[in-house]
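A quick write-up on the structure given underneath.
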Amino acid sequence: MDIKSLMACIDILNGNHEIFSDGEVLGRCYRKYPGAGAAEIERISQKNQIVFAEDLKRFWMESNGLTFQSFGGTRFFSVEEVSDCLSALEGLLVKGVYPIAIFDDDTILIDGNRLGSGQYLFFGDISCLELFYPLDCSFGFFLERMIQLAGCKYWEPVPDAYVKPVSFLQD
Numbered sequence: 025m026d027i028k029s030l031m032a033c034i035d036i037l038n039g040n041h042e043i044f045s046d047g048e049v050l051g052r053c054y055r056k057y058p059g060a061g062a063a064e065i066e067r068i069s070q071k072n073q074i075v076f077a078e079d080l081k082r083f084w085m086e087s088n089g090l091t092f093q094s095f096g097g098t099r100f101f102s103v104e105e106v107s108d109c110l111s112a113l114e115g116l117l118v119k120g121v122y123p124i125a126i127f128d129d130d131t132i133l134i135d136g137n138r139l140g141s142g143q144y145l146f147f148g149d150i151s152c153l154e155l156f157y158p159l160d161c162s163f164g165f166f167l168e169r170m171i172q173l174a175g176c177k178y179w180e181p182v183p184d185a186y187v188k189p190v191s192f193l194q195d
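Each residue of the sequence shown is one higher than the last, beginning at 25 in my numbering.
Spelled out as structure tokens, the structure:
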């Protein structure tokens, strides 16, 4: 599904209200923000000397950030927040790597150096940059899963000889 269609799904889902057994009514499940312009995205890309994934840029043009209000407030960063995070992590992250979202204790990173592979998303604890695990998907696919699961975390590092953590700590 393309990014524009995914964001339309969010608009439809926001119209739904869930009534719990105790009578509480939960309104909006997602919070979208006004989209960013292509010039703003390009300016921040150049300022930070990074390449943003094409599907991520399309997402930002539709909604410059996204918050899932249930399940602890999982959140996709705006383009400005990515820039702020890069400033805070300056000198720590490998060049071309940038955070795009937080979920519970995990941070989602994109490795801009791997964009050509289509498998450039990683998750891990930002306080331990040596232990990030691949999500083996593109941003668009990841966003689709997150919308389908209403922001629930669906991944866990599995102790497996075949899944090796990746270090994004700058030497």
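The beta carbon of each residue, even a glycine, is placed where N, CA and C say it ideally should be.
- The beta carbon of residue 129 sits closer than 8 Å to those of 149, all from its chain and outside the five residues before and after it, given in chain order.
- Between residue 76 and residue 134, the alpha-carbon positions lie close to 8 Å from each other.
- In this model, residue 143 and residue 111 are separated by some 25 Å (Cα to Cα).
- Boundaries of the alpha helix (DSSP H) harbouring residue 166: 163-172, taken from the DSSP string.
- DSSP places residue 63 inside the alpha helix (DSSP H), whose first and last residues are 62-72.
- Judged by beta-carbon spacing, residue 156 lies beyond the 8 Å limit of residue 125, meaning their Cβ atoms are not closer than that value.
- Within its own chain, no residue has a Cβ closer than 8 Å to the Cβ of residue 173 once the five positions on either side in sequence are excluded.
- In this structure, the alpha-carbon of residue 62 lies about 12 Å from that of residue 70.
- Boundaries around residue 145 are those of the beta strand (DSSP E), 145-148, since no alpha helix (DSSP H) includes it.
- Bridge partners of residue 134 according to DSSP: 122, 145.
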